[in-house]
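Beneath this line is the structure, given in C-alpha cells, with notes to follow.
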Amino acid sequence: MIAELGLAALWLAAALAALQLVAGFLGARNPDTEMAALVRPAAVVQGLLCAFAFVMLLWLFAVTDLSVKLVATNSHSAKPPIFKLSGAWGNHEGSMLLWITVMALAGGLIAAVERRLPEKTMQATLGAQAFVGLGFYAFLLFSSNPFERLPQPAVEGLGLNPLLQDIGLAFHPPTLYFGYVGLSVAFSFAVGALLTRQVTPEFARAMRPWVLGAWVFLTLGITAGSYWAYYELGWGGWWFWDPVENASLMPWLAATALLHSASVLAARDALRAWTIMLGVVAFSMSMVGTFLVRSGILTSVHAFAVDPERGSFILVLLAIYIGGALVLFATRASSIAEGERFAATSREGALVVNNVMLCAILGVVLMGTLYPLLTEAFDVRVSVGPPYFNPVSAIFVVPMLLVMMVGPLLRWRRDRLERVKAPVALVAAILLGTLAVLLIVSTTGLLPLLGLVLAAALAVASFLPLRGRNLRRLPLAVWGMVIAHFGLAVALFGMASESAFSQEKLAAVAAGDTAEVGPWSVVLDGVHPVAGPNWTALEGQLLASYDGGDPIELDPQARSFWAPVQQTTESALATRWNGQLYAVIGNEAGAGENGARWQLRLWWKPFVTFIWYGGLLVALGGVLALLGRLFDDLKRRRVKARLAERRADEAELAAAGGRG
Amino acid sequence: MRWWWWIPLALFALFLGVAAYQLTQPKDEFIPSTMIGEPLPEFDLRPAAADRPGLSDAYFRDGTPKLLNIWASWCVPCIAEAPQLERLRQSGAEIVGVAIRDRPQDVAGFLARYGNPYSRIGADDLSEVQLGIGSSGVPETFVIDGQGRIIYQHIGDVRAEHVPLLLEKLREAQD
Amino acid sequence: MSSLKPKHQRLVLVVIALLALVAAGVLAAWALRNQASYFYVPAQMVAEPPAPERAVRLGGMVQEGSLETLADGVTIAFVVGDGEATVPVRFAGIVPDLFVEGSGVVAEGRLGADGVFVADNLLAKHDENYVPRELQEMTEHQKREVVAETEETR
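Residue numbers (this note's numbering), protein chains in the order written: chain A, 99 to 758; chain B, 263 to 437; chain C, 26 to 179.
This is the structure:
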C-alpha cells in the first residue's frame, strides 16, 4: 500500500508539472490569464507530493518491505538502521527520486517566495523548471520506477554488502545532487530571463542564492569525495583526474564562473549574455557529468552500476534541454541589450579575466575527459592522465590566481593600478620572497614550487580587501569572499606541499623491525588475521612515533572480500597538525633474517590535510556569502513592506481627510 | 542575429554525436566468443585430476551434447558456481572441465572441498584450448553439441537462475 | 590603458577573452595529441621507445617464468610481452594479489635509459574475468602467439 501511495504521488506530481509547463508558458505571454494563477500553487503542491513520495520510499526501506523490488535488491533486514535509510538513495532509482524531490521542492520554494522578478519572467522560469522536471519524471516513471513490486515477495534482501556500508558513500552522492539541482534552478532562471528578454540585475540577484547554494554543496561534495578516495583506495593520492572526479569538478568550475559573473550582473548590469551562457553551461556540465558516470561510457577506477539504456535516456534529456537552451540563446542573444560598459582595469575587468580563465580550465578538463571518447570512435585507445591535466590546467590557473590577488582591491567601473600600488607591492614582495627562499632551501618541481609561492601570496592577498574598513559593519558577503579566497590558498598550500615534500618508504619488514619515513619511525609489532562478515584480512599492528615521541598504534589491513570477490587495502592514518602518516600493508615478502617479512608502504605527507581544511573554508565562505545575501533580501523586503504600509496609511488618511 | 552565437550549439552537437555513437557501441568487458557455431579446434589434454581421464576434441563427437566448463582452482567465482554445476549434473547434464593454468595438487584440493561434477577434466596449462574456443576469462561455460560444435557461451559464474537456461540449451542441441 | 575610450577597452577585453579561450582549445588539443602515444604495447615500445622519463603506460602479458622477487622483498622484476617483443619491467610496491605469470597487466611508469621499464603502478583489476581494456585490441592471433612464445621460453 505504501509503495502504491508513493507511486500515485509521483504520477500526480508529474501531472502537475505538465500543468505548470503549459500554464507557465501561457502566463509568460500574458500573466493576467487565469491559467497563470495556477502556476505557483502547482509548483508548491508538486514539491510536497514529491517529498511525500520520497518519504514513502524511506518508509519502505525503514521497514524493509521485501515485496518491493528496489528494497529487495538493495537492502537487508539485518542492516543497521542508518544504512537501511541511506540504502534508499544509494541506488540508481532512489537517487533519481531524491534528485527530482529536491528539484521539485526548490521549484516550490521559488514559487512561494520569489517576488522580485517581473511576473512574466517568473512564469517563464517556473515553466522551464517544469519542463526540466518532466523529463526526469518520465525517466523515473517509465524506465526506473523505484516503487516496482516483485511478483513474489523476496525472502531476504540482497543488499548486505558491507563495502557499501560506508558513511561517506551514504552522504557523498546526495551532496553532489543538491549541487546539481541548484544549477538546474539557475538554468531555469536563465531560460526564463532569455524567453522574456529580461536579463536584469534583479534576475542575477534572484538567481544568485541558488548558484551559491549549489556551489557550496559541490565544494563540499568534491572535498569529501577527494578525502574518501584518499583513505579508501589506499594509493596515497587524493586526486586522480578520473572521469568520475572530473564529472564533479566541471560543474564546480562552471558554477564558480557563474557565481562571479552573476555578481557583476547584479552589481553593475554588465556581462548579460555571458551570464546567461554560463547558466546554461553550468547545468549542462552537471548533466554531462551524470551522463558520463551513469552510462559507463568511460571507464573509471570508481566502480558504478552502469547501464547503457539509462545512458541513452540521459543523453536524450541532455540533447533536449541543452540543445533547446542553446538554440534559444543563439536566436535571442543578439537582442539582449548591451550591458553597462567598464574599463579593463576595474573590478569587472578582473572578474572577466577570472571567468575566462575558469572557462579555459573547464575546457581543458572537458577535452581531456572526452578525448578518449573521441579517439575510440577511430579505434584508438588512449588514457589521459595527470601528465596532461596538471601542466595544461596550471597554465590557466596561475594567471587566474595572480589576478585574484588584485581583483578584489579594484573599484567597479574604472580604476587605476597606481591607487592600489601599496598592496600590490606587498603581494609581489611576498611572491618574490617566498620564491627566493624556496629556491634556496629546497629542490622541488616547477608546479609544486609555483603552488607554494602562489599560496603564500594569495593567503595574504585574500585579507587585503579588509584593509581600512570597519570590520564590525562589513557585509557578511565580503567576509564570505575573503574566507573563500583564503580557503583556496590553504587548499593550494596543502596540494603543493603534498607533492613537494611527501616522503615515501617501501620496505619488507619482519615483526619487531623498524621502518623510518621522514620524522617517523614505525615498528611492526605483528601481523594477525582478522575476519569480518564477508571478508578476511591481514591486519598489521604498527607502533608509529613522531620524532621519538609516544608511539601511536596503527592497524592497516589488506582485506579480501569473497562476495563479490575483491581485494581492498584499508589504510591507517596518523594525523598531526602538520601532516599525516599514511600506512598500507601488502603481501608477505618471503623470509628475511628475522623471520617472515611483510611489505609495508608508508608515506609521510606534510600538510596534506590542508587540502581538505581549505575545501571546508571555501564552503564556509560560500555559506557566509549566502547568508549575507539572504539577510539583505529579507531586510529589503521588510523595508519595502513597511513603505507600502505607510503609503496605505497615508492614502487612508488622505481619503478620510477628503471625506471630512 | 549573428553567426557566432551558434558556436556553442555547434560544439554541443559535436559532443552529442560522439556520445551517441559511443553509446551504440558494445561496451562489455566480457568478450563474446567468435567461435560460436564452429566446430571445436583439435586438442588433446592430459588429465588434470588423478581419478578422471583427460580430454580431447574427439570425445565430444559421440552424439550427446555436453557442457564444457572452463575453470581453475585459483578462481574464486568458480567456488561460487560449484553448487550450480552439481545441480546441473543431477539434472542429467554431462559436464567436462578444462582446468586453466593449474597444478594437480591444487585441482585435487579444490575438487575435494567443493565437489566434483566433472566426468573428465583436461589440464590446459597454457590456455591453448581456452583461447582456441574464444574464451577470455575464467569461469566460462560452453554448450557443445553431439558433433563437437560450439553452440552457446556463458560468461562468468553460473548462478541458480542460469541453470534452467543451460539445460534448455542442452536440450536444443540434442534436437 | 585608461586613456583608451570605453568602447576600445571593451574590445581589448573581448580580444583577450577570445585569445585565452582559443589558446586553451589549441593547447589542450596539442597536449592531447601527444597523449595519443601514452599507451604502448611492447612491440611499439621496442620500435619507437618513448623519451626517457616520460610517463607512459605499458600493456602486455606477463611472461611465464619471468617473475622474480628481488632480495629486498619489495621489488619484483618480470618481462612483459605481446607476442612480438618483450620489455623487462621492474616494480617496487605492493602487488595486486591476482597479478600472476601469464596474466595481462598494464604498468604505469617510465622507460629507463638501460631499457628497463620502471613501473610506479601496476593496474590489474581484482577479477579473474578481466582482460586489460587495451589488450582487447589484440587479435586472437596475437594472443595465440603470446601463448606459443611462453611455451618456447619454458
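Here a beta-carbon is modelled for each residue, glycine too, at the ideal position from N, C-alpha and C.
Strictly under 9 Å for the Cβ-Cβ distance: is residue i near chain C by that measure?
i              : result
W333 (chain A) : yes
G630 (chain A) : no
M465 (chain A) : yes
Could you confirm whether any beta carbon from chain A is found closer than 9 Å to the beta carbon of residue i?
i              : result
R115 (chain C) : no
A281 (chain B) : yes
D97 (chain C)  : yes
L38 (chain C)  : yes
L52 (chain C)  : yes
L92 (chain C)  : no
V425 (chain B) : no
Answer with yes or no whether the minimum CB distance from residue i to chain B is below 9 Å.
i              : result
M502 (chain A) : no
F389 (chain A) : yes
What residues in its chain sit with their C-beta under 7 Å from that of residue i, if we drop five residues either side in the sequence?
i              : result
L347 (chain A) : I320, V463
L725 (chain A) : L574
A117 (chain C) : V99, T100
Y434 (chain B) : Checking the displayed sequence, the identity of residue 434 (chain B) turns out to be Glu instead of Tyr. Within the same chain, E434 (chain B) has no close Cβ partners at all.
L363 (chain A) : P299, A302, L369, R370, T373
T673 (chain A) : T707
S560 (chain A) : V580, H583, F584, A587
V66 (chain C)  : G84, G85, D107
C337 (chain B) : V400, P401
State yes or no: is the C-beta of residue i within less than 9 Å of the C-beta of residue j?
i              : j              : result
S129 (chain C) : V81 (chain C)  : Looking at the sequence itself, residue 129 (chain C) is Gly, so the reference to Ser does not match. Cβ distance not < 9 Å, so G129 (chain C) and V81 (chain C) don't count as in contact.
L302 (chain B) : G384 (chain B) : no
G396 (chain B) : S295 (chain B) : yes
E602 (chain A) : W710 (chain A) : no
V289 (chain A) : V200 (chain A) : no
R421 (chain B) : A355 (chain B) : no
A209 (chain A) : L281 (chain A) : no
L529 (chain A) : A555 (chain A) : yes
L207 (chain A) : G122 (chain A) : no
Taking residue i as the query, report the chain A residues whose CB atoms sit under 7 Å from its CB, ordered along the chain.
i              : result
A76 (chain C)  : The premise fails here: A76 (chain C) is roughly 12 Å from chain A at the closest Cβ pair, so nothing lies under 7 Å.
W268 (chain B) : A428
G137 (chain C) : None at all; the shortest Cβ gap to chain A is about 17 Å.
L57 (chain C)  : M465, G466, Y469, V482, Y486
How would you list, in chain order, the residues of chain C whose beta-carbon sits under 7 Å from the beta-carbon of residue i?
i              : result
P485 (chain A) : A80
A605 (chain A) : V99
I493 (chain A) : L52
In its own chain, which residues sit with a C-beta less than 8 Å from the C-beta of residue i, not counting the 5 before and 5 after it?
i              : result
F510 (chain A) : Sequence check: residue 510 (chain A) is Trp here, not Phe. Correct list, in chain order: A365, R366, F440, S444, R445, E446.
F411 (chain A) : F237, S241
E291 (chain B) : Only weak support is given to the placement of E291 (chain B): the predicted model assigns it a pLDDT of 49, under 50, and the value that follows is read from those uncertain coordinates. Cβ neighbours of E291 (chain B) beyond the five flanking positions: none.
Around the C-beta of residue i, are 16 or more other C-beta atoms found within 10 angstroms, so that it is buried, or is it exposed?
i              : result
H626 (chain A) : exposed
I198 (chain A) : buried
W266 (chain B) : exposed
Y680 (chain A) : buried
Y283 (chain B) : exposed
A132 (chain C) : buried
K182 (chain A) : buried
Going along chain A, which residues have a C-beta under 9 Å from residue i?
i              : result
Y63 (chain C)  : V480, S481, V482, G483, P485, Y486
L46 (chain C)  : V454, C457, A458, G461
L278 (chain B) : L413, L416, A417, I420, G421
List the residues of chain C that residue i touches, going by C-beta distances under 9 Å, in chain order.
i              : result
Q697 (chain A) : G98, V99, G118, I119, V120
Would the C-beta of residue i count as close to the ligand PLP, meaning under 8 Å from any of its heavy atoms?
i              : result
A102 (chain C) : The ligand PLP is not among the ligands present in this structure, which contains no ligands whatsoever.
Run down chain B in chain order and give the residues with a C-beta less than 9 Å from the C-beta of residue i.
i              : result
S282 (chain A) : Within chain B, no residue comes near S282 (chain A); the closest Cβ sits about 17 Å away, beyond 9 Å.
M375 (chain A) : P270
Excluding sequence positions up to five away, which residues of its chain have a Cβ less than 6 Å from the Cβ of residue i?
i              : result
S359 (chain A) : L369, W372, T373, L376, N453
T542 (chain A) : A598
V490 (chain A) : V462
E748 (chain A) : none
T666 (chain A) : R657
Name, please, each residue of chain A whose Cβ falls closer than 8 Å to the Cβ of residue i.
i              : result
Q284 (chain B) : I395, L471, E474, A475
F372 (chain B) : Simply none; closest approach about 15 Å.
What does residue i reach in chain B if we use C-beta pairs closer than 7 Å?
i              : result
S410 (chain A) : L285
So is residue i in contact with chain E if we call contact Cβ pairs under 9 Å?
i              : result
V682 (chain A) : Given the protein chain composition of this structure (A, B and C), no chain E is represented.
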